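What follows is one structure encoded as structure tokens, with my remarks underneath.
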Amino acid sequence: MKIQNENLFKHSLAEGINIFVGAGFSLAASSNGKAMPTGDQLKDELLIHFNRKQPSKLNLTQLCQILTSTHRYELLEYFNNRFRVTDFDPLYSNLERANIKSIFTTNIDDLVFKIFEESTKYYINDIVLRGPSISGSNAIDYIALHGSVTHGDGEFAFSPLEISASFERDKDKWFGYIGRIQTTPTIYWGYRIEDAGVLQALAKETVTGRNKADAWIVLRSNDEEAIEYYSSLGFQIIIGDTLQLLKYMGQLSVRKQIGASKSLVSKNFKEYQLPNISTVPVRSLSEFYLGAEPTWYDVFSGKIYQTKHFTAAKDAIVSGTHVMLIGAAVTGKTTLLKQLATGLAGVGVPLYVEEITPEKAGLLVRDIDAEGQPILVFIDNAADASDAIQILLSSANVKIVAAERDYIFDSVSHKFPRKKFTILDVSGLSDLDTQAVQNHIPVDVKRKQFIKVKDPLAADAEPTFFEVITSIITADSLADRFIEAIRNLKITKPAEHDLLLMACYLYACRIPTSVDVATAFSRRYSVNAVNVLSMLQSMGSLLSPYEGVLADSNQAFFVPRSRAVAEIVMKKISASELRNLLEVFHADVSPTKIGRYDIFRRNAYDAKTVGRAFQNWEEGLEFYNQAFNRDHTHSLKQQGALYLSSKKNHELAFSWIDDALAMAGGFNPTVRNTYAVILFTANFEKPASIDVMSSLDESLAILQKCHHDDYRKVYHAKIFAEYSLKYLQKFPLSPNVRTYLEKSHEWLSEELRLRSGDRWMNSLSRQIKSALRSL
């Protein structure tokens, strides 16, 4: 084996390196006893499998194009079976000894995931699914340029032409990829000289850019022409095969951290450790009461009142179950979670988790189980982490205390079974708590004593923290300051104005703003990353550095001072401002730059938000079509269908929801629920007739089946009750109306026994009871 500039190569392996792999990288792996194929071998296998003439003058790309046109689903099934790795050489585990930053691949197999499946050092973060990793040093970003069998979407690219087309659709994505290669040394591994076009299709800048980082390419033999060619492109040469290079990596010494804690968890997951009180920034407590999110200083100060929910939650935690705190927006869930993390001793080592993927959860569980000590994991925004929580639950050493908004929890409640979780609604404040909260508010922001407003729909429901605070605070709230700042910046500093709106949009979607994303978004102002960072920092009274989980990140992140405020901004800005924000952001910012894109997409294309921005349905349809070019998911189609339905274009809405059903497999209860809602809406405003009644009956029958088939009972119960009341309004004399109302009452009563404080369900239940009495 021969390595050009070997000392520099070793240094790069230790300091940080990308790996860019092709088919030759996977040769020491197999699927069901058959070695992973190279391009020519795959072509021969396909000719045999599809009974085509042999030999063939077609290359692999041309053959795949023909088969995609004639036998698409059979081809996809073949790929999904053929490229699932079942065995691989143990030498692949030597990759752990290198400091790997990113793995680019033109392969579609799942070998890399299998290699690191049991790793105690790294986990694989698939950028297509999650966006770039935003925390910790143990994530390897995985970039599958041709698609992957792990994605399950059947989207594979096999030619430089397809990569070039992808580049044109999403230039920001490719600029981001090129940037990684320009700034971090890269090994190109598993390519032949025939594959050079694939490497060049990424972009010439990958090896010839002004900020070029070192690059090595692994060649199997001492081929003078290949060496000459790749050297001309700026590559340094490694002569050897895959197993030889893996053996070489096995001889590398692993750098030990000086003074590292003996605890694996504290060493590998520093971002989840509770901060020391001496290290947290000090601020005025008034900021908290004016609408800013709670900081660790607020909690450590002890000046935020501990409500009855604090004691109830502690009791549930020590009882032995996991705990889920639910409530409406701005009801103190995050505050309570932090109070519990700092105020509960003897149950387990506390970890406070703001962001975690399933892959990272697997790594954390391995460390926890290796040590065997009890761990108490506090997790905010539980829906975003629901898949990761399932992995954490597999450890007997972990106890979960999580928090989520009630209406979001409804969609994932099936993942938190009552046998394992105690569900606590923490929305309401007792009379004692209400007075105590008022007593703790600083004098400089008080106005008057709280007077409970009688709300006939809320009956005797306890007031929330938000209701108490907003009724007695005298100073301008944080939301007021944001709206005023936006008005001023629009006139004086348009670039900062747009950045602030973008940060609010991202945070409303539960994502922090990275300098990378902000720079891409601000490209039309011809500013660089340094300028953008300066602008973000200049808005310090409105934006805060996003800390904690990003302590090990190489770039800065920012968030508005409160998520609730960010959501208010999104509702109060003008439709034209919102439209401009959405158009620019989704045209200029690649999904591959958005950390935790899987979380972002849940709210980013929300039909209500898009509906406010695009009054004209044709323009809104164009927005969704452009978005679908980048995000081929059933959920985007589902939101597009809801948007079109809200604009009364029911024909197109049905087409989009049919597409969503097909993409989801036809059996997704949530998508079927949306189908039923669109069917109901399309017919509800038509003149009453037997046919209209039949269509509405069909809609409610689908909703009943959704409730029967799905674990998310509360979600479907609420929708069914809401549309049963609408059915009564349209056809009060229908023979089915009492059945629908009684079924609604039954389902809501079942759920209210478990969640008696749910205001929406209580309101629906009272309306259902009143309707039944009127029949």
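Position one of the sequence shown corresponds to residue 410 (our numbering), numbered consecutively onward.
Just so it is clear, CB atoms sit at the ideal spot from N, CA and C, and this is done for glycine as well.
Bear in mind the structure is a predicted one, so any value in this text is a computation, not a measurement.
> Roughly how many angstroms lie between the CA atoms of residue 658 and residue 514, to the nearest whole one?
Replying inline: 19 Å
> Is it true that the CB of residue 451 sits closer than 9 Å to the CB of residue 469?
Replying inline: yes
>> Less than 9 Å between the beta carbons of residue 875 and residue 740, yes or no?
In response: If you check the CB distance, residue 875 and residue 740 come in under 9 Å.
>> On a Cα-Cα basis, can you pick out the residue from 427, 492, 980, 428 that is closest to residue 448?
In response: 492
> Per DSSP, residue 534 forms a beta bridge with which residues?
Replying inline: 550
>> Quick check on the DSSP output: what are the complete alpha helix (DSSP H) runs of length 4 or more inside the stretch 977-1005, in order along the chain?
In response: 984-997
> Can we say the stretch 984-1001 touches the stretch 778-793, given the rule of at least three CB pairs closer than 8 Å?
Replying inline: Cβ pair count under 8 Å is below three, so no.
>> As a quick exercise: from 1134, 1007, 1102, 1039, pick the residue whose alpha carbon is nearest that of residue 766.
In response: 1007
>> Could you check whether the stretch 707-716 touches the stretch 672-680, counting it as contact only if at least three pairs of C-beta atoms, one from each stretch, sit closer than 8 Å?
In response: At 8 Å Cβ cutoff, the stretches do not touch.
>> Among the candidates 427, 554, 498, whose CA atom is the shortest distance from the CA of residue 510?
In response: 427
> Exposed or buried, which one is residue 1185 when buried takes at least 16 other CB atoms within 10 Å?
Replying inline: Residue coverage of the chain in this structure runs from 410 to 1184, which leaves residue 1185 outside it and unanswerable.
> For the candidate residues 936, 982, 934, whose alpha-carbon lies nearest to that of residue 914?
Replying inline: Measuring from the Cα of residue 914, the nearest candidate turns out to be 982.
> Excluding sequence positions up to five away, which residues of its chain have a Cβ less than 6 Å from the Cβ of residue 542?
Replying inline: 534, 548, 550
> If you draw a straight line from the C-alpha of residue 699 to the C-alpha of residue 971, how long is it?
Replying inline: 10 Å
> Do the stretch 717-726 and the stretch 827-837 touch if we need at least three Cβ pairs shorter than 8 Å?
Replying inline: Result yes; three or more Cβ-Cβ pairs closer than 8 Å.
> Secondary structure at residue 733, three-state DSSP: helix, strand or coil?
Replying inline: Strand.
> Can you name, in chain order, every residue of its own chain whose Cβ lies under 8 Å from the Cβ of residue 666, other than the five neighbours on each side?
Replying inline: With a pLDDT of 44 at residue 666, under the threshold of 50, the predicted position of this residue should be treated as unreliable, though the coordinate-derived value follows. Hits under 8 Å: 676.
> Smallest Cα separation from residue 433: which of 626, 842, 872, 808?
Replying inline: 626
> Are at least three pairs of beta-carbons, each pair with one atom in the stretch 482-500 and one in the stretch 727-738, less than 8 Å apart?
Replying inline: no
> What does a CB cutoff of less than 7 Å around residue 487 pick up in its chain, not counting 5 residues either side in sequence?
Replying inline: Here the set comprises 458.
>> Determine whether the beta carbon atoms of residue 763 and residue 796 lie at a separation below 9 Å.
In response: no
> How big is the Cα-Cα spacing for residue 912 and residue 507?
Replying inline: 36 Å
> What is the residue span of the alpha helix (DSSP H) that residue 719 lies within?
Replying inline: 717-728
> Cα-Cα, which of 527, 531, 586 is closest to residue 537?
Replying inline: The shortest CA-to-CA distance from residue 537 to any of 527, 531, 586 is the one to 586.
> Anyone know if the C-beta pair for residue 1168 and residue 870 falls short of 9 Å?
Replying inline: yes
>> In the DSSP assignment, the alpha helix (DSSP H) including residue 1171 goes from what residue to what residue?
In response: 1168-1183
> For residue 1166, which residues from the same chain have a beta carbon less than 6 Å from its beta carbon, with the 5 sequence-adjacent residues on both sides left out?
Replying inline: Here the set comprises 834, 836, 837.
>> Quick check for students: name the residue ranges of the alpha helix (DSSP H) that lie wholly in the stretch 442-508, counting only runs of 4 or more.
In response: Counting only runs of 4 or more, we get 448-458, 469-479, 481-491.
>> Taking 9 Å as the threshold (C-beta atoms), are residue 646 and residue 410 in contact?
In response: no
>> By alpha-carbon positions, which one of 784, 1171, 774 ends up nearest to residue 756?
In response: 784
>> Going by beta-carbon coordinates alone, are residue 801 and residue 773 separated by less than 9 Å?
In response: Residue 773 is positioned such that its CB atom lies closer than 9 Å to that of residue 801.
> According to DSSP, which residues form a beta bridge with residue 516?
Replying inline: Beta-bridge pairing links residue 516 to no other residue.
>> By the three-class DSSP mapping on this structure, what secondary structure does residue 813 have?
In response: strand
> Which residue or residues does DSSP assign as beta-bridge partners of residue 632?
Replying inline: Note: residue 632 sits in no beta bridge, so no partner.
> Hey, which unbroken runs of the alpha helix (DSSP H) at 4 residues or more fall wholly within the stretch 1108-1160?
Replying inline: 1122-1139
> Taking the continuous alpha helix (DSSP H) assigned at residue 917, which residues delimit it?
Replying inline: 903-917
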